Amino acid sequence: MTVKKALITGITGQDGSYLTELLLQKNYQVHGIVRRASTFNTQRIDHLYQDPHDKEIQLFTHYGDLSDSTRLVSLLEQVQPDEIYHLAAQSHVRVSFDEPEFTGNTTGLGTIRLLEAIRTVGLPCRFYQASSSEMFGAAPPPQHEDTPFHPRSPYGVAKVYAYWATRNYREAYGMYAVNGILFNHESPRRGPTFVTRKIATAAARIKTGLQDSVYLGNLDARRDWGYAAEYVEAMWLMLQQEQPDDYVIATGTSYSVRDFAEHCFAHVGLDWRDHVRFDERYLRPSEVEDLVGDASKAHRMLGWKPTTHTPELARLMVDAELKPLLRSSIPGTPQRASLAPTAG
Ligand code: NAP
Ligand code: GDD
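Numbering-wise, the numbering used here puts 211 at position 209 of the sequence shown, and it's gapless, one number per residue.
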């Protein structure tokens, strides 16, 4: 039996790591694009490391960047993937207001660079675009595949561009190219400046006496938060259908940021109101108030259904934060602070 080859952009991100695990389980040969950094940025996939000297190796990483079309072409020629999962992006909405041009270049143009590389090389592969509920922006919920887009951030605008680029290459060149329109999905591997991870981390650190409070922005925003490990299965399913199509992936439930904080703090026996403070730095110039997905098409056509809902997700994220803290709670253990710019 021939082994299928997958190429993942954004393999070092939250979704990339879960997707890699899934594809390895399914016996794929997995290739991932990693951008060069002055420090290691592969922590989320290090547990999957395989010795390159091993003949049975199934996981390969390659340096590359979405801004470098020549490299994308040479990688496609070298790897010849059957399936491409395009997950790489500047994915932080608040940061996209500070870096709109970079976000447009990476999150928007990055997609067309990759599509054009596939076309240039003439690869008969299947292509997954990581589209986002952020494209719906101000459109009232519940949002589904036919809801008109009304993006509210440079990130959302760039994702709309990438969405239409994907559809255009499907229509113009007959490519098997799909958009997975995923609503927010979280996990212990979520980037630390997204609100769920920020709250879960704070609840654990406050519980263990490492800090007193956490500063947040808009507590009224509502999101449909699912579990990332379950959402990557939907990505794979989208590339296994007879015809390419676009699908919303969501739980269909709605919780506010305040609700999420309440669940996290209650899980460790604390009252969120004693610890959450307001900082206007975390507000956005234009906000997305309410996202709730209608994923009935994915239920019907892909047989995909989520099982983890927001309250359980909050608990599992807090538990994951507590574990290492409890393990290293030896008096005098220094706690590291991050020097990353405050944007999220
Ligand atoms: P993430 O954790 O932020 O990961 C983003 C990935 O993209 C990282 O591997 C990052 O590399 C890589 N990347 C960024 N800029 C790059 C560049 N110029 N060249 C090559 N690689 C680059 O995001 P995620 O949560 O896994 O999300 C995956 C995708 O789904 C993203 O496109 C995101 O916009 C989209 N999405 C996410 C959600 C969600 O709720 N998570 C919902 C809808 C859509 P480094 O590790 O080096 O930074
Ligand atoms: N990040 C952050 N930090 N958000 C905060 C904070 C804070 O301190 N306080 C309140 N919020 C609110 C934001 O204003 C927003 O309404 C909500 O919490 C969620 O923010 P994020 O967790 O940053 O996620 P997002 O919804 O903006 O974007 C995520 O989901 C999109 C799908 O809808 C990202 O993963 C995007 O890449 C993804 O496309």
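We put the CB at the ideal spot given by N, CA and C, even for glycine.
The model shown is predicted, which means the values in this text are computed figures rather than measured ones.
Top-ranked residue by Cα proximity to Ala179, from Ala164, Asn29, Gly193
Ala164
Bridge partners for Thr113 per DSSP, in chain order?
Bridge partners of Thr113: none, in fact.
Reduced DSSP category for Pro336 - H, G, I as helix; E, B as strand; rest coil
Caution is warranted here: a pLDDT of 46 is assigned to Pro336, below 50, making its placement in the model unreliable, and the coordinate value is therefore given only provisionally. DSSP places Pro336 in coil when its eight states are reduced to three.
Inside the stretch 262–292 only - beta strand (DSSP E) runs reaching at least 3 residues:
278–280
With DSSP as the reference, label Leu341 as helix, strand or coil.
Only weak support exists for where Leu341 lies, its pLDDT of 48 falling under 50; the coordinates are left without a value.
Taking just the CA atoms, how far does Gln92 sit from Arg38?
15 Å
Using the three-state DSSP reduction, which class does Ser134 fall into: helix, strand or coil?
strand
Just mark Asp53 as buried or exposed, buried being the case when its beta carbon has 16 or more other beta carbons within 10 Å.
exposed
Secondary structure of Lys7, DSSP reduced to three states:
strand
Indicate, with yes or no, if the ligand NAP has a heavy atom lying under 6 Å from the CB of Ala2.
No information on residue 2 is available, as it lies outside the stretch 3 to 346 that the chain covers here.
Take Arg207 and list the residues in its own chain whose beta-carbon comes closer than 6 Å to its own, dropping the five residues that flank it on each side.
Gln213
Report the three-state DSSP secondary structure of Tyr51 (helix, strand or coil).
coil
Ala8 and Glu85 closer than 7 Å at C-beta
yes
Per the contact definition of three or more C-beta pairs closer than 8 Å, is the stretch 67–78 in contact with the stretch 105–115?
yes
Nearest-angstrom Cα distance between Lys200 and Ile183?
24 Å
Glu101 to Gln16, Cα distance in whole Å?
21 Å
Top-ranked residue by Cα proximity to Gly295, from Glu244, Asp273, His265, His187:
His187
Alpha-carbon spacing of Leu26 relative to Lys57, whole angstroms:
15 Å
Return the residue from the list Tyr257, Asp276, Ala316 that minimises the CA-CA distance to Asp292.
Tyr257
For the putative contact between Gly193 and Asp281, defined by C-beta atoms under 8 Å, what is the C-beta separation to the nearest angstrom?
So it is not a contact: roughly 18 Å between Cβ atoms.
Apart from the five residues on each side of it in sequence, which residues of its chain come closer than 6 Å, Cβ to Cβ, to Tyr20?
Ala230, Ala231, Val234
Going by C-alpha distance, which of Gly18, Phe185, Leu272 is nearest Asp226?
Phe185
For His94, tell me which candidate among Met240, Pro326, Lys161, Thr210 has the shortest Cα-Cα distance.
Lys161
Could you give the residue range of the alpha helix (DSSP H) that holds Ala252?
Neither: Ala252 is in no alpha helix (DSSP H) and is coded neither H nor E.
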